[in-house]
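Novice:
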Amino acid sequence: MPSRKHIAQRILRGSSEDPRRRRTGLSRLGRYLVGRRRRVAVLALIGICSAAAPVSALLVVQDAIDHGMRAHDRGRLGRDVGVYLAINALAWVLQTTLVRGLARVGQDVVLGLREDLFDHLTTLSLRYFSQQKAGWIIARLTSDVDALSDVLSQGLTTLVVNTLTLMAAIVGLFVLDWRLGLVALVILPPTLVISRWFQVRSHAAFLRVRETISSMTAQIAESVSGMAVIQAFNRERAFLGEFDASNDANLRTNTHAQWLNSLFFPGIEFLGIVAMASVLWVGGHMIGSGSLTIGTLVSSVFLLNLVFQPLQELSDLYGQVQSAGAAMEKISIVLDTEPEIRDEPGARRAGRIEGDLRIDRVTFSYGRDPVLHEVDIHVPPGNCLALVGESGGGKSTTAKLVGRFYDPDSGGIRVDGHDLRELELRSYRRQLGVVLQDPFLFAGTIADNIRFAHPEATDAQVEDVARAVGVDRIARRFDAALLHTVREGGAGLSAGERQLISIARALLADPRILILDEATSNIDRPTEILIEQALDRLLRGRTSIIIAHRLATVRRADEILVMEHGRITQRGSFDDLLGSAGPFRDLAAQLQGSDEVLQSAPVSGSRASSSASVVSSEPE
Amino acid sequence: MSRRFLSVDPPDLGLWPTAKGLAHQWREQWRLVAVGLVCAFVYSGLSLAIPIVIRHAIDSSIAPTNGHHKALWPYLVAVVLLALVRFGVNFTRRYATARTGIRVEARMRELLYQAYLRYPRSFYDRHATGQVVSRATNDLYPIRYFIGWGMTQGLQSLMLIVGIAVVLFLVNVKLAAFALVAMPAVFVLAFSFARKVMPISREVQQLKADVTEAADEAVVGIEMVQAFGREDDVQARFASKAELVRDGVLRQARVEAAFLPGLLFLPTLSIAAVVLFGGHEVIGGTLTYGEFFLFYQLLLQLVWPLEALGWILSLAQRATASASRSFAWLQGIETIPEPTHPTQLPHGGGLGVRFENTHFSYGTGSEVLSGVDLDVAPGEVIAVCGPTGAGKTSLLNLLPRFYDPTEGRVLVGGVDVRDVKLEELRSAVAIVTQKPILFSIPLRDNLTAARPDAPWDEVVAAAEAAGVAQFAAQLPDGFDTLIGERGVNLSGGQRQRVALARALVAGARVVVLDDPMSAVDTQTERHLVENLRPALAGRTVLIATQRLSTVEVADRAVVLDDGVIVESGRPADLLARGAVFWSLFGEEIGAVA
């Protein structure tokens, strides 16, 4: 039974055909069995016993026929039936244990793998996450691990029990009468060939069905979420046409898969009858010649059932095992990805950071072309540095290097005189605060989100920072206030509200170094004012780098750097920069120009200090 | 005049109308159904005939009771031939039945999808996308398997059970009674197993969905996690969700362990009865070896039909539950009513827009619009301002009739929108929704989605005005770049610009822009504002916005607060007045001070 063995090998040791694949195959699962070897050994023993049970029960039936019925020994008949029942009762108990035990082992393996995979993912660098689509990564953690889980929970029992039963039944046939065993062995190879053919074809058909289902589901999902536009632009007919095409494609692949399925099981059933007829034919003649008993023949016929039934069930499993193997390979790709940023050997724990930040002649590239050229920056403790300039100038990259999301190609970044690469990553980052343009909120309450970077914070502390940055005001519109549950990604909150929460989060974390990357962009005006006030509170007493487009945000910086094409082209204080011709003034004019309407409007009284006036008030 | 709200969440259908609906679907495929049923009948007959022939082979040839051996081969040839016919019949039954199911599934899905295209916005407000999608996909599987397997298999099982019982009783009444006494328990066990395991497996599915959510969250928010060094926390959170899945699967395994081995054990009780009592009768000469074989074989053949009946009964419950929901949607959801005697919009020229004492409520909370009166002249560009929640989006959504006002009227070109054919109204009104919705098709097709036959130079002009042309050139395939998960993910600002260009391409006489540049960066916005005015020339435009720079595009601004218009006039005049409009935008000045 090469294919059975093959499946068993794949499950237990990984494919042995290709030595290079050994590590990426299912063999990887072996290490989750460490410490469970005794349990596995016991389960294997139970599996063998429970597979042997129905076979030995049939040997008892043979005895009952030949030595009970034919020998007219009613006592022996009664004893045999008693033994028959005892064996089956034992099988019942064994199988119950086996189903539970195998599920336990399988699920422990799945859990271990899932946790390891997730833990590994969290150590991978941003470069990895920017190159790989989120959907792809998530599929490894979910559908791929689930595919393994299916094989290991339901599949493993089916595989173990049926493989062992099949083998036990063949052994049983030879024990009953070796000649009948040989007859069965003649029938088996063509059956296996047909099974194999079916398995391969049916797996391919199943994959096609899955493809058409997923593209059809995607089509429906897209229509449903885009229904407003479909209806607004009268596109109903076009979308119905598209749907019909994918619905029909799904119908066709399904029909083909069902055609195969409908062929296979009746086919095995037919071959089973052929095997039965062959055994009866040979057996009948042997009885005629006196070399076989009727009991042996009848039991052999029933033993054949135990050969053909497992074949059907194992065929069902083939697709599952194939999918699991493919899933494991993809999981291995992730597991084998080395984290780009990690603690160097001998990295030290960062003590409390004072916040003296030096960027020394840093050059950096994502690919071939450098995006930073020998950038030199020094921020003294507690100072605020602003980075301005058009997008693509290298501002965010500089910020990401400070967070050690990437390491520079040359040069170094030093905090309090220590190169970042000498510090333990996590001990450094725990003293780092980051507020991004599109802050990410996790599913949970607003309070949970504020507490994210400092889980031990008390309710009173959370309330304090919420009040300090004005989150309490936005929370007030919800019944549960700070305990209002935010859905994943922060749906239901405006961008500005999410921003305020992420500022509260950073404030509670009490970082020594703070990075604000476009934290005030794309926010409606009233909220922006709240945020500007919150920032004042947040920046106090910390070294900070802010990247911003709004002049209002940049004003508060001790020093402003203009970055263009990866180089610093101008530096100085806000007033100095505005006072002299240069890139900053051009930028400022551009940024504020959209507020010209304010200038033309007869603005009343003291409210006239518009941002536009900052630009216009400068001496020419 | 208060209007009734459209019914968009009908209760599930009762058992009888659901059964009628299912029966109707079944009848639509009557040819395949008939083939399946005939084959099921023949299959049952053949499945009885084969062991009976073997019994005679044993009794007359292999172990003849009278000691006279007849030739064995005619029996065995007959067995193989019968098996061959059975193979064909079985294949035909399975294939025909499975196709019935697949077709019913596809048909139901099509009915639902067609209905989705007609359902009003309020339906989509009420039901989550995932639910709507799964009702047309996963929820249909129980229906497919019930019709495509369960119904025919169930009838076949009944035929086999009755047939086997009849044969056994004809052969030996007493032995049949002993043998069959334990068998009904197989059915009961299978059925109660299915009932027990279903809720658990549904729960496991839910737990797996939670894991997906946790994974999704961590991957999308990875920068936050790493920036604050909180890997441990998310790992622990993920692990606890993953452990819940394991526990769920183990609970399922425990139920399986409690029931499934029992399903194997029960039939052995009957076999034991046959060996014991049948054995005594063989010894006593009242039962032949062939008859003993027949009992044994038929009991084995009886197990699956009994088990199947249990599964089918539980499947029937799930299928009717799922069908009752689907049919409830198909029959109980109202669509936006089309006029019985439609009026045409005036031909040529601009179309004015007029809101007359417009009230609106979503039916779930308080009134969102409480008497809006607004007159927009043909070709006028008007900005609708107001704090979040003032009702701006609700007001704009009345124009393409996403909703109807609860009181008052909305007029386009002097005609009540409810008197215009929906298709005509919607080709006259182009809308850019607050969240830009693009489709996973090439950029080019996204731009022309509203008017596939638009001349290319018009599309390019719109793309330039909306600022799409700038970034389109940098996309890998330019305008032919595929957008979406399988293609290029555009940023929020880029998506908004595409949606804006799409609305310009539509060539509609009324353009509704709901905060169309909220995610566009300041520099690009400036550029857009300059280009938009000429691109919109001649059209009536309503534009809702949070930004003063966008208000600049408009001839006139109105301020909506608490569902009524509180201010109206030139933006500069409104600013000077120093009232609500000023409080919305004027503080922009104060921020820098």
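Respectively, the protein sequence lines represent chains X and G. By this note's numbering, the letter at position 328 of the first sequence is numbered 328, and the numbering carries on one by one without gaps. One rule links them: number in this note's numbering = place in the second sequence (from 1) + 620. Cβ atoms here follow ideal geometry from the backbone N, Cα and C, with glycine treated the same way.
#1: Hey, L102 of chain X and L156 of chain X are a contact pair by Cβ (cut 8 Å); roughly how many whole angstroms apart?
#2: Please list the segments of the alpha helix (DSSP H) lying wholly inside the segment 155 to 230 of chain X, counting only runs of 4 or more residues, in order along the chain.
#3: May I ask you to verify whether the segment 494 to 514 of chain X touches the segment 443 to 458 of chain X, counting CB pairs closer than 8 Å and requiring at least 3?
#4: For a cutoff of 8 Å on Cβ pairs, would you count Y744 of chain G as touching chain X?
#5: Against chain X, with Cβ distances strictly below 8 Å, would H900 of chain G count as a contact?
#6: Nearest chain X C-beta to K690 of chain G closer than 8 Å, yes or no?
#7: Can you list the residues of chain C that D119 of chain X reaches, using a CB-CB cut of under 7 Å?
#8: Would you mind reading off the limits of the beta strand (DSSP E) that contains I46 of chain X?
#9: Compare the Cα-Cα distances from L1045 of chain G to each of G:L1063, G:F1091, G:G1127, G:T1026 and report the closest residue.
#10: Can you have a look at G1006 of chain G and say buried or exposed, based on whether 16 or more other CB atoms are within 10 angstroms of its CB?
#11: Whose C-alpha, out of G:G634, G:L702, G:G930, G:R1153, is nearest the C-alpha of M771 of chain G?
#12: Going by the CB atoms, is the gap between G774 of chain G and I932 of chain G shorter than 8 Å?
#13: Below 8 Å on C-beta distance, what does V700 of chain G contact in chain X?
#14: Three-state secondary structure (DSSP) at G641 of chain G?
#15: Evaluate contact between the segment 855 to 867 of chain G and the segment 98 to 116 of chain X, counting only Cβ atoms and requiring at least three cross-stretch pairs below 8 Å.
#16: Which of the three DSSP states is assigned to V628 of chain G in this structure?
#17: A89 of chain X touches chain G at which residues, Cβ-Cβ below 9 Å?
#18: Roughly how many whole angstroms lie between the Cα atoms of G566 of chain X and H373 of chain X?
#19: Does Q1090 of chain G get closer than 8 Å to chain X when you measure Cβ to Cβ?
#20: Strictly under 8 Å for the Cβ-Cβ distance: is I266 of chain X near chain G by that measure?
#21: Considering only the alpha carbon of each residue, which of X:V81, X:R358, X:Q431, X:Y406 lies closest to S365 of chain X?
#22: Please identify the residue among G:A718, G:T638, G:G1158 whose C-alpha is closest to the C-alpha of L657 of chain G.
#23: Return the chain-ordered list of same chain residues with a C-beta closer than 6 Å to the C-beta of T24 of chain X, the five sequence neighbours on each side being excluded.
#24: Report yes if the CB atom of I170 of chain X is closer than 8 Å to the CB atom of A835 of chain G, and no otherwise.
#25: Quick one: measure Cβ to Cβ for P1154 of chain G and E1172 of chain G, integer angstroms, because I've assumed they're closer than 8 Å.
#26: My assumption, with CB atoms under 8 Å, is that S1014 of chain G sits in contact with D759 of chain G. Please give the rounded CB distance.
#27: For G968 of chain G, count neighbouring C-beta atoms within 10 Å of its own C-beta (all shown protein chains included) and say buried if the count is 16 or more, exposed if not.
#28: With a cut-off of 8 Å on the beta carbons, I'd call Q776 of chain G and A660 of chain G a contact; round off their distance for me.
#29: Extract the residue ranges of the beta strand (DSSP E) inside the segment 314 to 400 of chain X, only unbroken runs of 3 or more that lie entirely within it.
#30: In whole angstroms, what is the alpha-carbon distance linking D632 of chain G and C49 of chain X?
#31: Express the C-alpha separation of L33 of chain X and R21 of chain X in angstroms, rounding to a whole number.
#32: In the DSSP output, which residue or residues are listed as bridge partners for I678 of chain G?
#33: Ordered along the chain, which non-local residues of its own chain (more than five positions away) have a Cβ less than 8 Å from that of I341 of chain X?
#34: Below 8 Å on C-beta distance, what does F364 of chain X contact in chain G?
#35: Contact check, A324 of chain X vs A147 of chain X under 8 Å by CB: the rounded distance?
#36: Pop quiz: V105 of chain X and R37 of chain X are said to be a contact at Cβ under 8 Å. What is the actual Cβ separation, rounded to whole angstroms?
Specialist: Concretely, from the data shown:
#1: 5 Å
#2: Runs of the alpha helix (DSSP H) inside the segment 155 to 230 of chain X: 156 to 176, 178 to 225.
#3: yes
#4: yes
#5: yes
#6: no
#7: In the structure shown, chain C does not exist; the protein chains are X and G.
#8: It is not in any beta strand (DSSP E) - I46 of chain X instead sits in the alpha helix (DSSP H) that spans 37 to 63.
#9: G:G1127
#10: buried
#11: G:G930
#12: Their beta carbons are under 8 Å apart, which means I932 of chain G touches G774 of chain G by this criterion.
#13: I273, V274, A277
#14: helix
#15: yes
#16: coil
#17: F885, T888
#18: 6 Å
#19: Not one chain X Cβ lies under 8 Å of Q1090 of chain G.
#20: Residue 266 of chain X is actually Pro in this sequence, not Ile. So yes, P266 of chain X belongs to the interface.
#21: Looking only at X:V81, X:R358, X:Q431, X:Y406, the smallest Cα-Cα distance to S365 of chain X is reached by X:Y406.
#22: G:A718
#23: Only weak support is given to the placement of T24 of chain X: the predicted model assigns it a pLDDT of 47, under 50, and the value that follows is read from those uncertain coordinates. Excluding positions up to five away in sequence, the list reads E329, S332.
#24: no
#25: No, P1154 of chain G and E1172 of chain G are not in contact; Cβ-Cβ is about 14 Å, not under 8 Å.
#26: The pair is not a contact, with the Cβ atoms about 32 Å apart (cut-off 8 Å).
#27: It is exposed - the Cβ of G968 of chain G has fewer than 16 other Cβ atoms within 10 Å.
#28: 4 Å
#29: 357 to 365, 370 to 379, 384 to 388
#30: 50 Å
#31: Residue confidence for R21 of chain X is low, a pLDDT of 39 falling below 50, so the modelled location carries little weight; the figure read from the coordinates is stated next. Their Cα atoms are separated by approximately 20 Å.
#32: Partner(s): none; I678 of chain G has no beta bridge.
#33: Same-chain partners within the cutoff: S125, R404, F405, Y406, D407, L425.
#34: By Cβ distance, chain G contributes nothing, its closest Cβ being about 17 Å from F364 of chain X, past 8 Å.
#35: 5 Å
#36: About 10 Å separates the two Cβ atoms, so there is no contact after all.
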